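When we follow my numbering, the leftmost residue of the sequence shown carries the number 4, and every step to the right adds one.
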Amino acid sequence: MHGKKGISTLLAAVFMIAVIIVGLGAVSWGLNVQSKQGQVIKERTVIETDINRERIELRDVGIVGSKFNMTFVNTGMLPVKIVRAWFTNTTDTNGWHKQYDNLNKLINPGGALTNFGQDLSLVAKTDKSYEIKVVTERGTTAVFKIAGGNDAKLHVRLMASQATIPSGQRVTITMLVTHNNTLADAVVNIEPESFSTNPTDPLNFATLVPGSPTPSKYSSILFGSTRSFTWLYEVTGQNNTQFTFTGKLKDGKSNTASVDFYTRIVKFASSDYATNAGIFTMNYTSFRWTQESGQWMTGWSLSATKGTGFKIEVKNNNKTHALWLSKLSVLVLDRVGPVNDAAFYITNITNPASPEPLITKYTCSNPDDYCLKINSTDAGNNKATLYFSATKEQLDTVNKIGNVNRYQAYILILGKLCPQDDPKSCTGILYGQNLPFIALEAV
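What follows is the structure, encoded as structure tokens:
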């Protein structure tokens, strides 16, 4: 009996040890699985976080040589590598799809990838619409809808430089085209039709000045932005004649817009005002700005916190009188929304430099004002480049925009009109004009 009892005790002990070993193994296995699951969750969280920090934006698009020419900007916090792209024709009923792999286009944070699409075999057409998907190495997908000129409706407005035009003088007509169509990220091939003008009779007519419009067309327009076309017309009309200009884009879908102005016959010094007084125009395509880059830049997006200089070409269309430009002439940035406008006063010259532009203050002698003369049209050489940079008149300190926002900008031309051959000390006729229609964004 004692022997059987000893064997039972031994078997029970062995059994308990086996249970303990199995239990410890199960606990160890469970902990190992839990650790691996935690590691997987952690790795997935990192990957998902990285994907959320990737961001690609479309900054420009055009069709060059029947191929897309796109600019992408990396606005995220991590480098991105575009590895794949799909192009879908969304215009045709049976639109095609094309896929391109192994692209390996790297964009660093804040950097840009230009000429995307130029090295692909895809043939792009300006009258077709496309959906473009680009995929990064981490799996982020960015989708952009590019509409052909015939597939998207844009908003068109017309503006005249003056409500009343002296007969025989020139008027600037500006067409503003705004992309507010949420169905497309960009629209390509923006081109205006010729204006319809009324009246058109021997006594009342408008003659298009060669070279208009400026520019003749745009390769594209991005959502939320505005493009402008300008025409210059010489107008002849009887007193208080209403002119109506009507225009639209060639897309066939955007709205038709019109603008009215009146002609007047104004007597001045026993002669027609149209013969002796002029109107100033500016070449919008010559508009440039400079900050710390050391060069003149185009575009409408610039820093709000850096010293800034502007330049633009103007033209005196007065036949007989030159304009002596006053130190009070200024480029004004009118902030959208709350006040806090910015004013950049005229300088003799502004030179791009780093860390900010170098300016020569607008001073001269006998008298210390009216330093710049812009000739009459009869005298020729009636164009001038104006520079605006100073914080106040006749200072050499560079101004800054100061506030992040969008701005409408205009130039206040102040001076005196004198006969072409009169000296700077001439009494002349005080003359002022607002040159409008510049748009900027300070970031």
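Cβ atoms here follow ideal geometry from the backbone N, Cα and C, with glycine treated the same way. Given the structure is predicted, the values throughout are model-derived calculations rather than measurements.
Check: Beta-carbon contacts of residue 225 that lie in its chain and below 6 angstroms, excluding the five residues immediately before and after; Outcome: 189
Check: Within the region 344 to 397, ranges of the beta strand (DSSP E) (whole runs, at least 3 residues); Outcome: 345 to 354, 361 to 364, 375 to 377, 386 to 393
Check: Any 3 or more C-beta pairs closer than 8 angstroms across the region 176 to 196 and the region 140 to 151; Outcome: yes
Check: Test item: CB-CB of residue 414 and residue 285 under 8 angstroms; Outcome: yes
Check: Residue 123 beta carbon near the ligand NAP (any heavy atom closer than 7 angstroms); Outcome: You won't find the ligand NAP in this model; it holds no ligand whatsoever.
Check: 8 angstroms Cβ cutoff met for residue 248 and residue 161; Outcome: yes
Check: Cut-off 6 angstroms between Cβ atoms - residues of its own chain near residue 65, not counting five sequence neighbours on either side; Outcome: 72, 222, 223
Check: Residue from 153, 405, 420, 245 with nearest C-alpha to residue 328; Outcome: 420
Check: Alpha carbon of residue 169 to alpha carbon of residue 239, nearest angstrom; Outcome: 8 angstroms
Check: Inter-residue spacing [alpha-carbon to alpha-carbon] between residue 294 and residue 313; Outcome: 9 angstroms
Check: Range covered by the beta strand (DSSP E) that runs through residue 409; Outcome: 408 to 422
Check: Residue 109 versus residue 122: straight-line alpha-carbon distance, rounded; Outcome: 15 angstroms
Check: Environment of residue 196 [buried if 16+ CB atoms lie within 10 Å]; Outcome: exposed
Check: Rounded Cβ spacing between residue 266 and residue 246 (contact assumed at less than 8 angstroms); Outcome: 7 angstroms
Check: Buried or exposed (CB count within 10 angstroms, at least 16 for buried), residue 426; Outcome: exposed
Check: Residue nearest to residue 290 in terms of C-alpha spacing, selected from 260, 324, 218; Outcome: 218
Check: Range covered by the beta strand (DSSP E) that runs through residue 73; Outcome: 70 to 77
Check: Collapsed DSSP secondary structure at residue 315 in the structure displayed; Outcome: strand
Check: For residue 299, the residue or residues it bridges with in DSSP; Outcome: Per DSSP, none; premise fails for residue 299.
Check: Same chain, Cβ closer than 7 angstroms to residue 384, five either side skipped, listed in chain order; Outcome: 378
Check: Residue 251 vs residue 174 beta-carbon contact at 8 angstroms; Outcome: no
Check: Exposed unless 16 or more other CB atoms sit within 10 angstroms - verdict on residue 172; Outcome: buried
Check: Residue 59, DSSP secondary structure in three states; Outcome: strand
Check: Among 386, 343, 358, 390, nearest to residue 364 - alpha-carbon criterion; Outcome: 390
Check: Helix, strand or coil at residue 80 [DSSP, three-state]; Outcome: coil
Check: Length of the line joining the Cα atoms of residue 436 and residue 317; Outcome: 12 angstroms
Check: Where residue 360 falls, given that 16 or more other Cβ within 10 Å makes a residue buried; Outcome: buried
Check: Residue 370, buried or exposed, once every other Cβ within 10 Å from all chains shown has been counted against 16; Outcome: exposed
Check: Top-ranked residue by Cα proximity to residue 99, from 127, 77, 117; Outcome: 127
Check: Start-to-end residues for the beta strand (DSSP E) that takes in residue 234; Outcome: 229 to 239
Check: Residue 20 - DSSP class collapsed to helix/strand/coil; Outcome: helix
Check: Residue 479 vs residue 336 beta-carbon contact at 8 angstroms; Outcome: As displayed, the chain neither begins before 4 nor continues past 446, which places residue 479 out of reach and without an answer.
Check: Rounded straight-line distance, which links the Cα of residue 74 to that of residue 302; Outcome: 14 angstroms
Check: DSSP-derived helix/strand/coil call for residue 192; Outcome: strand
Check: Coarse secondary structure for residue 283, derived from DSSP in three states; Outcome: strand
Check: Residue from 216, 184, 183 with nearest C-alpha to residue 177; Outcome: 216
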